[in-house]
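**Q** A single structure is presented below for examination.
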Amino acid sequence: MNSLIMILDSDYRRSIALESFFIHTSFHTMRVAQVDDAKSLLRGHPIKLAIINQDHGINGNGYEYIRFMREHYPDIGIIVLSDNSSPMDRILGIEMGADDYLVRPVDMRELMARIRRLLERLNISSFHLNSGINFSGFGLDRQKREVTWITSGKKIHFTNREYDMLLCLLENANRVVGRNTLAQVVCGRSWHAEDRSVDVTISSIRCKLRQHNPADTLIRSIRGTGYSLIIRHE
Numbered sequence: 001m002n003s004l005i006m007i008l009d010s011d012y013r014r015s016i017a018l019e020s021f022f023i024h025t026s027f028h029t030m031r032v033a034q035v036d037d038a039k040s041l042l043r044g045h046p047i048k049l050a051i052i053n054q055d056h057g058i059n060g061n062g063y064e065y066i067r068f069m070r071e072h073y074p075d076i077g078i079i080v081l082s083d084n085s086s087p088m089d090r091i092l093g094i095e096m097g098a099d100d101y102l103v104r105p106v107d108m109r110e111l112m113a114r115i116r117r118l119l120e121r122l123n124i125s126s127f128h129l130n131s132g133i134n135f136s137g138f139g140l141d142r143q144k145r146e147v148t149w150i151t152s153g154k155k156i157h158f159t160n161r162e163y164d165m166l167l168c169l170l171e172n173a174n175r176v177v178g179r180n181t182l183a184q185v186v187c188g189r190s191w192h193a194e195d196r197s198v199d200v201t202i203s204s205i206r207c208k209l210r211q212h213n214p215a216d217t218l219i220r221s222i223r224g225t226g227y228s229l230i231i232r233h234e
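In this text, residue positions in the sequence shown follow the UniProt record's numbering: the first is 1, and each later residue adds one.
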């Protein structure tokens with residue numbers, strides 16, 4: 001089945017132009033202009049990827065919708081197209097949950113390459129997340145909520161908070177997950193600059209993983225943003 005891409009943009013001419021690019025590709029597209037229409041589309045169709053034009057429509061706040069998508073549809077890829085090239089805008093887009101952020105004018109060949117790479121990564125991640133995850137010598141069983149060192153079969157004890165944070169990073173493997181996202185998902189509250197709970201939990205997870213695999217730096221700190229768990233799928 002060909003991948004279905006949702007285009008969210010209130011600018012009719014621009015969305016038509018973008019849609020026309022996909023006519024001779026292996027992708028199918030569906031266009032929507034407003035967030036409510038996008039939500040209905042997501043409920044009724046197997047969307048694989050969303051292209052969101054940040055600067056128009058989207059009820060004035062595209063980033064809030066990106067966060068909604070990431071929370072309710074974590075397996076859908078999100079690419080933001082924007083006229084805003086400021087570093088803070090890029091960071092905010094990624095922080096809210098976008099997988100990629102491109103500034104217009106966009107080279108369509110580059111967009112296609114990024115779409116294909118993102119979908120390939122999401123398909124690999126989806127397969128492993130559904131059947132359990134093996135990463136860097138570890139195995140994670142989602143149903144049992146267990147992590148083991150595969151070589152010995154030894155279970156590694158994580159607290160509920162540590163396990164949930166590790167799982168959140170794995171579900172977003174090779175992507176940056178912001179401290180606020182980790183605090184919301186795992187702790188149920190917003191993060192603030194004086195809050196060290198996320199960093200302390202990450203430190204504990206790192207320590208337990210390094211006891212079995214000291215060679216790999218699996219969880220990387222992203223200065224001023226959050227963390228990224230770098231893995232190769234096995």
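Just so it is clear, CB atoms sit at the ideal spot from N, CA and C, and this is done for glycine as well.
(1) Would you tell me roughly how many angstroms separate the C-alpha atoms of residue 195 and residue 6, rounded to the nearest one?
(2) At 3 residues or longer, what runs of the beta strand (DSSP E) sit wholly inside the UniProt domain "Response regulatory" (4-119)?
(3) Below 8 Å between beta carbons: does that hold for residue 82 and residue 101?
(4) Does the beta-carbon distance from residue 140 to residue 170 come in below 8 Å?
(5) Measuring straight from C-alpha to C-alpha, what distance separates residue 68 and residue 121?
(6) Across the stretch 221-233 and the stretch 171-183, are there enough close Cβ pairs to call them in contact, namely three or more that are closer than 8 Å?
(7) Hey, how far is the Cα of residue 95 from the Cα of residue 212?
(8) Mind checking who residue 133 pairs with in its DSSP beta bridge?
(9) Secondary structure at residue 176, three-state DSSP: helix, strand or coil?
(10) Please return the same chain residues whose Cβ sits closer than 7 Å to the Cβ of residue 119, not counting the five positions on each side in sequence.
(11) Restricting to Cα atoms, I'd like to know which of 183, 177, 184 is closest to residue 220.
(12) Which of the three DSSP states is assigned to residue 231 in this structure?
(13) Rounded to a whole number of angstroms, what is the C-alpha to C-alpha distance between residue 44 and residue 11?
(14) Given that a residue counts as buried once 16 or more other Cβ atoms are within 10 Å of its Cβ, and exposed if not, what is residue 160?
(15) With H, G and I counted as helix, E and B as strand and the rest as coil, what does DSSP make of residue 223?
(16) Would you grab the beta carbon distance between residue 93 and residue 80 for me? Rounded to a whole angstrom, and I think it's under 8 Å.
(17) Give the straight-line distance between the Cα atoms of residue 143 and residue 163, rounded to the nearest whole angstrom.
(18) Using DSSP with H/G/I as helix, E/B as strand and the rest coil, what is residue 127?
**A** Well, looking at it:
(1) Going from the Cα of residue 195 to the Cα of residue 6 covers about 37 Å.
(2) Within the UniProt domain "Response regulatory" (4-119), the complete beta strand (DSSP E) segments of 3 residues or longer fall at 4-8, 28-32, 47-53, 77-82, 100-103, listed in chain order.
(3) yes
(4) yes
(5) 21 Å
(6) yes
(7) 31 Å
(8) 140
(9) coil
(10) 3, 48, 49, 77
(11) 177
(12) coil
(13) Using only the alpha carbons, I get a separation of about 23 Å.
(14) exposed
(15) coil
(16) Contact check for residue 93 and residue 80: beta-carbon distance about 5 Å, within the 8 Å limit, so the pair qualifies.
(17) 12 Å
(18) With a pLDDT of 46 at residue 127, under the threshold of 50, the modelled position of this residue cannot be trusted; read the value that follows with caution. In the structure shown, residue 127 sits in a helix (DSSP, three-state: H, G or I).
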